[in-house]
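If you're matching them up, the sequences are chains L and W in order. When the first sequence is numbered by numbering that gives the first Met the number 0, its final residue is 202 and no position is left out of the sequence of numbers. When the second sequence is numbered by numbering that gives the first Met the number 0, its final residue is 202 and no position is left out of the sequence of numbers. Working notes for the structure below.
Protein chains: 2
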Amino acid sequence: MSKGNKTRQRIVSEAAALFNKQGFAGSSMADLMEATGLEKGGIYRHFSSKEEVAAEAFDYAWQVATDLRMHDLDSVANSVDRLKRFVANFVERRSPVPGGCPLLNTAVEADDGNPVMRERARTALRQWHSQLSSITTSGIRKGEIRKGVSPKKLATLIVSSLEGALMISRLERSNEALRGVQAHLNDHLEAEVRSRKSPRKPS
Amino acid sequence: MSKGNKTRQRIVSEAAALFNKQGFAGSSMADLMEATGLEKGGIYRHFSSKEEVAAEAFDYAWQVATDLRMHDLDSVANSVDRLKRFVANFVERRSPVPGGCPLLNTAVEADDGNPVMRERARTALRQWHSQLSSITTSGIRKGEIRKGVSPKKLATLIVSSLEGALMISRLERSNEALRGVQAHLNDHLEAEVRSRKSPRKPS
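In structure tokens, the structure reads:
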């Protein structure tokens with residue numbers, strides 16, 4: 000990586016921590032200069048605006064969060080167990096980018112405001128939804144998940160309850176809400192999602 | 000109400016809309032002057048700082064939201080039906096204060112930041128929790144809700160999943176996530192919360 004690329008990457012990762020904690024409106028160019036140790040000119044050499052830095056910083060923070068939540072998922076064969084592992088990853092693995100979930104933070108700040116950041120959050124939400132839905136769809140095909148389960152509705156339930164519990168857990172500085180929602184989702188996955196008949200054996 | 004009190008109240012309600020949409024960091028004194036049509040001096044005659052306006056504006060927005068969510072709850076006799084009505088109110092009734100749920104907005108913005116706003120959000124969350132918990136506790140006492148149900152865990156589940164679904168619904172500008180979570184909570188309340196034996200008749 001060239002020195003210029005390294006600097007650019009460093010700006011993005013420092014900005015990700017800053018924006019994820021303080022929000023887009025709450026982070027000034029002066030904050031960004033302090034976080035990166037660069038002069039304004041040094042930042043504008045790589046980016047045209049605060050918004051451009053924030054958009055790339057969001058993508059970076061979201062990629063880090065996604066990697067953590069998807070961690071080791073491929074090693075779990077059964078689709079229901081894979082959904083449970085996803086939930087456990089969300090509850091147990093904290094991102095090195097501080098400030099909580101980039102999607103929740105950006106969605107709540109941008110829902111009435113900045114269209115560029117709002118679009119970024121929407122794309123992230125849809126990507127996440129489709130990852131979870133495809134696990135369910137494949138589980139139905141393999142006979143591990145009941146035919147009547149809606150992949151879309153199940154994804155919405157998982158995303159909604161985890162994001163809401165994260166809001167509470169961060170406000171209360173306790174994992175209790177996340178643990179409670181994890182227990183509820185696990186019960187639901189066992190009682191209403193996992194197929195009652197034994198799954199088709201791999202040929 | 001005196002003219003001074005009326006002006007103060009008008010500042011609070013205009014500020015509530017502004018802060019709930021744009022956030023604390025995203026709302027400047029200039030925005031507040033524009034929203035209220037007052038000069039800076041006219042605002043500082045009633046409040047000592049932007050933070051003081053924001054704290055009162057939060058309390059106002061939260062009171063409006065709580066009144067809507069609690070609407071008509073007293074007219075529902077059975078505790079499980081009362082919880083279902085609460086969920087329906089959350090999904091169906093939109094506050095006249097625009098910008099979504101004041102608790103979600105303030106919690107997400109203040110969890111790493113402003114301690115005054117963070118404390119405000121924490122108090123609101125606890126009040127909400129205790130309102131829901133007391134419905135469940137009374138339902139257990141009356142035999143309408145199963146003894147094994149934890150009032151605290153049930154409140155956490157309801158708050159988490161509704162707040163997370165609200166984030167999605169506002170981002171997608173569609174009620175689908177809220178409707179999906181409402182259906183899930185109603186199923187859960189019928190299948191796992193409502194007492195199987197008929198409730199004790201009122202004496």
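Backbone N, C-alpha and C define an ideal beta-carbon position, used for all residues, glycine too. Everything numeric in this text was worked out from a predicted model, so none of it was measured.
C-alpha gap between residue i and residue j, whole angstroms
i         : j         : result
Glu-55/L  : Gln-8/L   : 10 angstroms
Phe-46/L  : Val-115/W : 34 angstroms
Lys-39/L  : Gly-3/L   : 15 angstroms
Ala-29/L  : His-183/L : 44 angstroms
Gly-22/L  : Pro-101/L : 10 angstroms
Arg-193/L : Ile-42/L  : 51 angstroms
Thr-122/W : Asp-110/W : 13 angstroms
Gly-142/W : Leu-82/W  : 15 angstroms
Val-75/W  : Ile-134/W : 11 angstroms
Leu-153/W : Glu-189/L : 19 angstroms
Ser-168/L : Arg-195/W : 33 angstroms
Ser-202/W : Asp-186/W : With a pLDDT of only 46 at Ser-202/W, under 50, the local geometry of the prediction cannot be trusted, and no value is derived from it.
Ala-120/W : Ala-16/W  : 16 angstroms
Thr-6/W   : Gly-112/L : 28 angstroms
His-70/L  : Leu-124/L : 18 angstroms
Asp-80/L  : Gly-138/L : 10 angstroms
Gln-181/L : Arg-84/L  : 10 angstroms
Gly-179/W : Glu-191/W : 18 angstroms
Ser-173/W : Ser-1/L   : 45 angstroms
Ser-149/W : Gln-62/L  : 37 angstroms
Met-32/W  : Lys-151/L : 44 angstroms
Arg-140/W : Ser-129/W : 16 angstroms
Pro-95/L  : Arg-44/L  : 27 angstroms
Ala-64/W  : Ala-64/L  : 32 angstroms
Ala-14/W  : Ala-14/L  : 30 angstroms
Candidates the options, of which the one nearest residue i by Cα
i         : options                                   : result
Ser-269/W : Thr-65/W, Ser-160/W, Thr-136/W, Val-52/W  : Missing from the structure shown is residue 269/W; chain W here goes from 0 to 202 and no further.
Leu-131/L : His-45/L, Leu-72/L, Ala-24/L, Phe-57/L    : Leu-72/L
Glu-162/W : Ser-48/W, Asp-30/W, Tyr-43/W, Ala-106/W   : Ala-106/W
Gly-147/W : Thr-136/W, Thr-155/W, Leu-156/W, Phe-89/W : Thr-136/W
Gly-214/W : Glu-91/W, Ala-109/W, Ala-60/W, Thr-122/W  : As displayed, chain W neither begins before 0 nor continues past 202, which places residue 214/W out of reach and without an answer.
Arg-93/L  : Glu-171/L, Ile-134/L, Gln-126/L, Asp-66/L : Asp-66/L
Val-158/W : Arg-172/W, Trp-127/W, Asp-58/W            : Trp-127/W
Asn-19/W  : Arg-84/W, Glu-108/W, Lys-5/W              : Glu-108/W
Leu-156/L : Leu-165/W, Phe-57/W, Ser-149/W, Pro-150/W : Leu-165/W
Val-90/L  : Met-0/L, Glu-175/L, Ser-1/L               : Glu-175/L
Gly-36/L  : Ala-24/L, Ser-48/L, Ser-12/L              : Ser-12/L
Ser-160/W : Ile-144/L, Ser-129/L, Leu-177/L, Ile-10/L : Leu-177/L
Ala-87/L  : Asn-104/L, Arg-68/L, Leu-31/L, Asn-77/L   : Arg-68/L
Ile-10/W  : Ala-34/W, Gln-181/W, Leu-103/W, Gly-179/W : Ala-34/W
Lys-49/W  : Ser-1/W, Val-79/W, Ala-24/W, Arg-84/W     : Ala-24/W
Glu-171/L : Ile-139/W, Arg-117/W, Gln-181/W           : Arg-117/W
Asp-58/L  : Ile-144/L, Ser-1/L, Asn-104/L             : Asn-104/L
Arg-145/L : Val-180/L, Ser-78/L, Ser-129/L, Gly-179/L : Ser-78/L
Segment limits, alpha helix (DSSP H) that includes residue i
i         : result
Phe-85/L  : 78–91
Pro-150/W : 150–171
Met-28/W  : 28–35
Thr-112/W : What sits at residue 112/W in the sequence shown is Gly, not Thr. Looking at the DSSP string, Gly-112/W is not in any alpha helix (DSSP H), and its letter there is neither H nor E.
Phe-57/L  : 49–68
Phe-23/L  : Here Phe-23/L belongs to no alpha helix (DSSP H), and DSSP marks it neither H nor E.
His-45/W  : Unbroken run through His-45/W: none, as it is neither H nor E.
Gly-179/L : 175–187
Residue i Cβ short of 7 angstroms to the ligand HEM heavy atom set
i         : result
Ala-182/W : Absence of the ligand HEM from the depicted structure is noted, as is the absence of any ligand whatsoever, leaving it without description.
Could you name the residues of the segment 19–30 of chain L whose beta carbon sits closer than 7 angstroms to any beta carbon of chain W, in the order they occur along the chain?
Lys-20, Gln-21, Gly-22, Ala-24, Gly-25: these are the residues of the segment 19–30 of chain L whose beta carbon lies less than 7 angstroms from some beta carbon of chain W, given in chain order.
Name, going along the chain, the residues of the segment 131–143 of chain L whose beta-carbon falls closer than 9 angstroms to a beta-carbon of chain W.
The residues in question: there are none.
With 7 angstroms as the C-beta to C-beta threshold (strictly closer), list the residues of the segment 81–115 of chain L near chain W in chain order.
So the close ones are Gly-98, Gly-99, Leu-103, Asn-104, Ala-106, Val-107, Glu-108, Asp-110, Asp-111, Gly-112.
Between the segment 154–165 of chain L and chain W, which residues of the former have a C-beta closer than 9 angstroms to a C-beta of the latter?
Taking 9 angstroms as the Cβ-Cβ cut-off against chain W, the residues of the segment 154–165 of chain L that qualify are Thr-155, Leu-156, Val-158, Ser-159, Ser-160, Leu-161, Glu-162, Gly-163, Ala-164, Leu-165.
Listed from N- to C-terminal order along the chain, which residues in the segment 4–19 of chain W have their beta-carbon within a distance smaller than 8 angstroms of any beta-carbon of chain L?
Hits within the stretch: zero.
Taking a cut of 9 angstroms between CB atoms, which residues from the segment 176–197 of chain L lie near chain W?
Shown in chain order are the members of the segment 176–197 of chain L whose Cβ falls below 9 angstroms from a Cβ of chain W: Ala-176, Leu-177, Gly-179, Val-180, Ala-182, His-183, Asp-186, His-187, Ala-190, Glu-191.
Chain W contacts made by the segment 117–129 of chain L, where a contact means CB separation under 8 angstroms
Of all residues in the segment 117–129 of chain L, Arg-117, Ala-120, Arg-121, Leu-124 have a Cβ within less than 8 angstroms of some Cβ in chain W.
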